[in-house]
Amino acid sequence: MAKSSPERKRTSRRDKPATPAELRNRLARLDMQLIELIQQRAQCAVELGKLSPEAVGSTTELDSSESAARQLAERCPGALSPRQIETLLRELFSGCRSLVQPLRVAILGPLYSYSHLAAIHRFGQSVEYVPVGTIPAVFEEVQLRHAQYGLVPIENSTDGRVADTLDMFTRVKTAITGVIEMRIHHTLLGRCGRGEVLEVYSRPQALSQCRNWLAQHLPGARTIEVTSTSTAAQLAREKPGAAAIASRQAGSYYGLEVLAENIEDNPGNLTRFAVIGGEAAKRSGKDRTAIWFQVEHRPGALAEAMNVFRRNSVNLTWIESFPIPGHERAYLFFVEMEGHNHDARVRRAVAALGRHALRMEVLGSFPAPVLIDD
Numbered sequence: 058m059a060k061s062s063p064e065r066k067r068t069s070r071r072d073k074p075a076t077p078a079e080l081r082n083r084l085a086r087l088d089m090q091l092i093e094l095i096q097q098r099a100q101c102a103v104e105l106g107k108l109s110p111e112a113v114g115s116t117t118e119l120d121s122s123e124s125a126a127r128q129l130a131e132r133c134p135g136a137l138s139p140r141q142i143e144t145l146l147r148e149l150f151s152g153c154r155s156l157v158q159p160l161r162v163a164i165l166g167p168l169y170s171y172s173h174l175a176a177i178h179r180f181g182q183s184v185e186y187v188p189v190g191t192i193p194a195v196f197e198e199v200q201l202r203h204a205q206y207g208l209v210p211i212e213n214s215t216d217g218r219v220a221d222t223l224d225m226f227t228r229v230k231t232a233i234t235g236v237i238e239m240r241i242h243h244t245l246l247g248r249c250g251r252g253e254v255l256e257v258y259s260r261p262q263a264l265s266q267c268r269n270w271l272a273q274h275l276p277g278a279r280t281i282e283v284t285s286t287s288t289a290a291q292l293a294r295e296k297p298g299a300a301a302i303a304s305r306q307a308g309s310y311y312g313l314e315v316l317a318e319n320i321e322d323n324p325g326n327l328t329r330f331a332v333i334g335g336e337a338a339k340r341s342g343k344d345r346t347a348i349w350f351q352v353e354h355r356p357g358a359l360a361e362a363m364n365v366f367r368r369n370s371v372n373l374t375w376i377e378s379f380p381i382p383g384h385e386r387a388y389l390f391f392v393e394m395e396g397h398n399h400d401a402r403v404r405r406a407v408a409a410l411g412r413h414a415l416r417m418e419v420l421g422s423f424p425a426p427v428l429i430d431d
């Protein structure tokens, strides 16, 4: 029998599957390489942050980091999904950004409310979050420069517009620099069995979004409205026979058991949040622009105003009417359109709308949101 050549032996050894010990050693080497590269990136960010803004532009502009994470995730396929890669990059960018300029972000609190979870998806966890009790307080934190950014809910697919947010946009000159769309999954949390639940606590909106489930599965339980889902979780931890409707993350934070998951009546239940404050977002190629306006109260005035979008081939993605407090039959109209405010067709449409409107405000342009499903 002919002896195999040395080349064939080398080939066979190379094709031989790695042993567990070899794989563990390779993982350890890769982990060290990753840490070294992460530290190099952090040092590069620090050095960049020492340069003047005129030399390098903004070093804390969030939308470019968000867009970069998304683009990198899509360009580098592998075992991890693009969303998983984007999550890792978001936290890396957040940590590096905190070395250059620590961020304070005002949210509708307490911590682990849905607003807090949405903010984490945008800013990462290397951020100082400032929980406040009301939507106007979020605007105030940004206006007084106590926080660089704020995050407020705009709309829920079940309950519709968030009136307090729309009202504040008409009262305070604040730019929208980003929008987050997040699927809202409600969880029943408690420290007792489901059959022992006597009271269910949550925000009015969450109770409304789960009313059919509650009527079917907990018909004898009393529902009690509180200021936030996180407050509900705190009460469920402290009161015997109490349960809360909140996020899974809130349940973990407050040490509660999951009694039932995904109890929202509408499986497509989602909430849109606006990021306010900070720098204007640059073009990403897939952008939206939000405005509000008021027209005369006469036949055809609104139709004439809305026709400017058709004439300029601008597609609308959101339309909402909002009654003006203290004025009978007077409305403001909020619209969101495809395109950036620097795009020629958007500029033409906005300029034409201004000629029809009694008053108008461009709220800002931002990258089109990607739906987050937790």
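First residue of the sequence shown: 58, per my numbering; consecutive thereafter. Cβ atoms here follow ideal geometry from the backbone N, Cα and C, with glycine treated the same way.
- With a cutoff of 9 Å on beta-carbon distance, P210 and R329 are scored as near each other.
- In terms of Cβ geometry, V371 and G396 form a close pair [threshold 9 Å].
- V189 sits close to E198, with the two beta carbons spaced by under 9 Å.
- Rounded to whole angstroms, the gap between the alpha carbons of L105 and E131 is 26 Å.
- By the Cβ-count criterion, V352 is buried, with 16 or more other Cβ atoms from all chains shown falling within 10 Å of its own Cβ.
- The alpha carbon of D221 has as its nearest neighbour, out of L165, Q266, G235, H274, the alpha carbon of L165.
- Annotation for A406: V365, F366, N369, V371 place their beta carbon closer than 6 Å to its own, counting only its chain and skipping 5 residues before and after.
- Here S309 is actually not in contact with P424; their C-beta atoms are around 30 Å apart, not less than 8 Å.
- Y258 is bridged by DSSP to I281, A301.
- CA-to-CA, the gap between Q205 and F226 works out to about 17 Å.
- Counting the other Cβ atoms within 10 Å of the Cβ of D344 gives 16 or more, which makes it buried.
- With contacts defined by Cβ atoms closer than 9 Å, S285 and Y311 do not form a contacting pair.
- With 16 or more neighbouring CB atoms inside 10 Å of its own CB, G207 falls in the buried class.
- In the DSSP annotation of this structure, the continuous segment of the alpha helix (DSSP H) that includes L84 starts and ends at 77-107.
- Proximity of the stretch 231-242 to the stretch 325-339 meets the contact definition, three or more beta-carbon pairs being nearer than 8 Å.
- If the five residues before and after L168 are omitted, its C-beta is found closer than 8 Å to the C-beta atoms of Y186, P188, S287, Y310, all from its own chain and listed in chain order.
- Listed in chain order, the non-local C-beta contacts of E393 below 6 Å within the same chain comprise R345, A347, T374, W375, local neighbours out to five positions each way being set aside.
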